[in-house]
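Mapping of the sequence shown onto our numbering: residues 36 to 493, in sequence order. Structure, as structure tokens:
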Amino acid sequence: MAIDRIHEYIMPGKRAHLVGIGGVSMAPLAEVLQGEGLVITGSDMKESETVEHLRSIGIPVVIGHLPESVEGKDLLIRTAAVHDSNPEIAAARANGIPVFERAQAWGSIMRRYENALCISGTHGKTTTTSMCTHIAMAARIDPTVMIGGTLPLLGTGHRVGKGKTIILESCEYCNSFLSFYPTVAVILNIEADHLDFFKDLEDVEHSFRAFADLVPPGGTVLANGEDENTMQALKGKGDVLTFGLEKGDFHAENLVWKRGLPTFDLVRNGEVAAHITLQVPGLHNVKNAIAAAAAGLILGIPGEAVARGLNDFRGAGRRFEFKGTVKGASVYDDYAHHPGELKALLDMASTLDYQRVICAFQPHTYTRTKALLNEFSQVLCQADITFLAEIFAAREKNDVGVSSEDLAKNIPGAKVAPSFAELTNWLYNLAQPGDLILTVGAGNIYTVGEALVKRGED
């Protein structure tokens, strides 16, 4: 089915059923579509706060995937995790009801905005999209926003605005972002990831090049000029603006650190466009901020609003998120699940004033762990103490024969916890003043940090 056909269905009065409506980008999609005048229903596997919220705004949600839920619908929209064998999808197909992917729906919506800012990259997407949101809110341009995580400013991961700008975190997995219609496409970095879908790094680069090629004449591709893979992907492409720490059309000068936090001048074409002070640590966040600031300036946002928006940013949910203290140790949680992200986190942690960095890491997916085993092992050696949880399977079965024990063998002193309860005990017994305890991974490892802090309060 041609992607463009969805535009025939995203219109007032059409009845759309969303399968997996409680998901992180499905719930905001439901709200946006409802705002467009569609009649929305949905299904999910379990009750949640998100499901309750959707019901509170007049969107009925059924728990469970029942064939009768699709009766009388004009179209179905599904998440990537929902397969053709799903009873609702099968029923829709049998009844000639068109089925579209979530990304296709976002792409259709995007076409209605004058400015569609899409932030892509192997890592840094959520933080940079969140920074862009802060900038847009500071400039009062009333954006519509879709972030793959929670932003405290919004109290959620999305916002439905009435302005001319939509800001979306844009993921390469399953080529989702190739359904989008960006007017400004940001590429933060490119590394080998999602190797359960992509063949290799070259395949990933090819996908990002196709993403950049979606930008129409008059639009802008903004790319990390200091990232070798990104530049390789865009080789020969004209009209690309670059950003970087030290070089590029947008770059930082006069970078200084005060109490672990950075201040710098953002330079555009040789002139200072904004003086930026961040309230989040780490060199990786300086890079993210340069990209976000550059995107804001490209959209015509004044430098003053760019600086104010970035100064107000305190981090996205699960991005070096402070959870509390236990026995005098500070407990933070982070979503890092790729070696590049993990290295940025541990590099940043080493610049802070802690005596020990204790990392509890939960690998995410078997294919990623197997493909990047050596890289993960090398990076995790940076922590003073490393504990490992079992691999979070997500959408996979362990067909590649890998376990957290394989990681631990290459990390001196590392131990694999048989359960979260045991891991919490280890961390609690070890904790002392001057420690930084990190719970890290894209799965449910954050519950360990929460249990640890709660135990310290009891």
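Using N, Cα and C, we set each Cβ at its ideal position, and we do this for glycine too.
Buried or exposed: which applies to VAL54, given that a residue is buried once 16 or more other Cβ atoms fall within 10 Å of its Cβ? Counting other Cβ atoms within 10 Å of its Cβ, VAL54 reaches 16 or more and is therefore classed as buried.
Give me, in chain order, the residues of the same chain whose beta-carbon lies closer than 6 Å to that of ASP300; leave out the 5 immediate sequence neighbours on both sides. Only GLU288, ASN289, VAL307 and HIS310 meet the Cβ criterion.
Less than 8 Å separating the beta-carbons of ILE480 and GLN417? Taking a C-beta distance under 8 Å as the contact criterion, ILE480 and GLN417 do not qualify as a contact pair.
Where does ARG113 sit, in a helix, a strand or coil, going by DSSP? In the structure shown, ARG113 sits in a strand (DSSP, three-state: E or B).
Under the three-state DSSP convention, the category ASP333 falls into: Checking the sequence, you will find Ile at residue 333 rather than Asp. DSSP, reduced to helix, strand and coil, places ILE333 within a helical segment of the structure shown.
Let me make sure I understand the geometry here. Which of ARG244, TYR216 and THR474 has the alpha-carbon closest to that of GLY271? For the options ARG244, TYR216 and THR474, the alpha carbon positioned closest to that of GLY271 is the one of ARG244.
Could you check which residue in VAL361, CYS167, PHE246 and LEU249 has the C-alpha nearest to that of ASN320? Per the C-alpha coordinates, the member of VAL361, CYS167, PHE246 and LEU249 positioned closest to ASN320 is CYS167.
Residue range of the beta strand (DSSP E) that ASP470 falls in? Its beta strand (DSSP E) spans residues 470 to 475.
Evaluate PHE357 with the Cβ neighbour count: other Cβ atoms within 10 Å of its Cβ, from every protein chain shown; 16 or more gives buried, anything less gives exposed. By the C-beta density criterion, PHE357 is exposed, having fewer than 16 other C-beta atoms within 10 angstroms.
Rounded to a whole number of angstroms, what is the C-alpha to C-alpha distance between MET36 and ALA449? Note that MET36 scores 40 on pLDDT, short of 50, meaning its location in the model is unreliable; the coordinates nonetheless yield the value given after this. Between MET36 and ALA449, the C-alpha separation is close to 50 Å.
With three or more beta-carbon pairs closer than 8 Å as the criterion, would you say the stretch 359 to 374 touches the stretch 185 to 195? By the Cβ criterion, the stretch 359 to 374 is not in contact with the stretch 185 to 195, since fewer than three pairs of Cβ atoms, one from each stretch, lie closer than 8 Å.
How about the stretch 161 to 180 and the stretch 196 to 213: do they share at least three Cβ pairs that are nearer than 8 Å? Yes: the two stretches touch, three or more of their Cβ pairs being nearer than 8 Å.
How would you label ASP470, buried or exposed, when you count the other beta carbons within 10 angstroms and need 16 or more for buried? Buried.
Which residue marks the beginning of the beta strand (DSSP E) containing ASP79, and which one marks its end? Looking at the DSSP string, the run of the beta strand (DSSP E) that includes ASP79 is 74 to 79.
What's the call for MET61, buried or exposed, on a 16-neighbour Cβ count within 10 Å? Flag for MET61 reads buried.
ILE311, enclosing beta strand (DSSP E) - first and last residue: 306 to 312 is the extent of the beta strand (DSSP E) around ILE311.
Whole alpha helix (DSSP H) runs in the stretch 343 to 420 with 4 or more residues, listed along the chain? Whole alpha helix (DSSP H) segments, 4+ residues: 374 to 386, 401 to 406 and 408 to 415.
With GLU204 as the anchor, note down where its beta strand (DSSP E) starts and where it stops. Membership of GLU204 in the beta strand (DSSP E) is indicated by the continuous run 200 to 204.
Output the distance between the C-alpha atoms of GLY496 and PRO252, rounded to the nearest integer angstrom. Here the chain has residues from 36 to 493 only, and residue 496 is not among them.
Nearest candidate by alpha-carbon position, reference ALA140, set PRO102, ILE112, THR157 and ALA129: Restricting attention to PRO102, ILE112, THR157 and ALA129, the CA atom closest to the CA of ALA140 is found in ILE112.
Straight-line Cα distance separating PRO374 from LEU407: One C-alpha to the other measures close to 8 Å.
DSSP bridge partner residues for SER155 (one or two, in chain order): ILE222, per the DSSP bridge assignment.
Would you give the residue range spanned by the beta strand (DSSP E) that MET181 belongs to? Run containing MET181: 179 to 186, per the beta strand (DSSP E) assignment.
Quick one: residues in its chain with C-beta nearer than 7 Å to the C-beta of ASN409, no 5 flanking neighbours on either side, listed in chain order? Excluding residues within five positions, none has a Cβ falling inside 7 Å.
Please determine, among PRO102, ASP109 and ILE56, the residue with the shortest C-alpha to C-alpha distance to THR85. Of the listed residues, the one whose Cα sits closest to THR85 is ILE56.
Once you ignore the five residues that flank ASP79 on each side, which residues in its own chain have a CB closer than 7 Å to its CB? These residues qualify, in order along the chain: GLY55, ILE56, GLY57, VAL86, VAL96 and ILE98.
Nonlocal neighbours in the same chain, by C-beta distance under 6 Å from GLY484, ignoring five residues either side: Beyond the five residues adjoining it in sequence on each side, GLY484 comes within less than 6 Å, by CB distance, of LYS358, VAL366, ASP368 and THR474 in the same chain, given in chain order.
Burial state of GLU66, where buried means 16 or more other Cβ atoms lie within 10 Å: GLU66 should be labelled buried.
Of all the options LEU334, SER385 and GLN69, which has the alpha carbon lying nearest to the alpha carbon of PHE174? Sequence check: residue 174 is Ala here, not Phe. Nearest C-alpha to ALA174: LEU334.
Residues near ARG349 by beta carbon distance below 8 Å, same chain, minus five either side: Correct list, in chain order: PRO187, GLN314 and VAL315.
How is LEU301 classed by DSSP in three states: helix, strand or coil? In this structure, LEU301 counts as strand in the three-state DSSP scheme.
For ARG147, does the three-state DSSP call read helix, strand or coil? Coil at ARG147, not helix or strand.
Could you give the first and the last residue of the continuous alpha helix (DSSP H) run that contains LEU269? Careful: LEU269 lies outside any alpha helix (DSSP H) and carries neither H nor E.
Contact check, ALA395 vs LEU458 under 8 Å by CB: the rounded distance? Contact between ALA395 and LEU458 holds, since their C-beta atoms are separated by about 6 Å, short of 8 Å.
ARG194, DSSP secondary structure in three states: Reduced to three states, the DSSP call for ARG194 is strand.
Return yes when the Cβ of ARG353 is within less than 8 Å of the Cβ of GLY184, no when it is not. Going by C-beta atoms, GLY184 is nearer than 8 Å to ARG353.
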